[in-house]
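Residue numbers (our numbering): 135 to 192.
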């Protein structure tokens with residue numbers, strides 16, 4: 135490819151990458167022995183403050 139064509143193709147690929155959704159790994163209810171410590175913490179941590187829970191540990 136010539137340099138201008140290569141630059142256009144690379145620019146297109148960069149732009150398309152911004153428009154496409156992020157690729158993620160699907161998980162379908164893993165068994166307990168398949169869950170890592172990091173996944174367990176992510177699953178059990180609330181994403182927001184649930185009513186009645188304290189914000190800071192006492």
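The beta carbon of each residue, even a glycine, is placed where N, CA and C say it ideally should be.
Just so you know, these numbers come straight off a predicted model, no measurement behind them.
Between the C-alpha atoms of residue i and residue j, what's the straight-line distance to the nearest angstrom?
i	j	result
residue 178	residue 144	41 angstroms
residue 174	residue 167	11 angstroms
residue 147	residue 140	11 angstroms
residue 176	residue 169	11 angstroms
Step through the CB atoms of chain B and report whether any lies within less than 7 angstroms of the CB of residue i.
i	result
residue 163	Among the chains in the structure shown there is no chain B, since it carries only a single protein chain.
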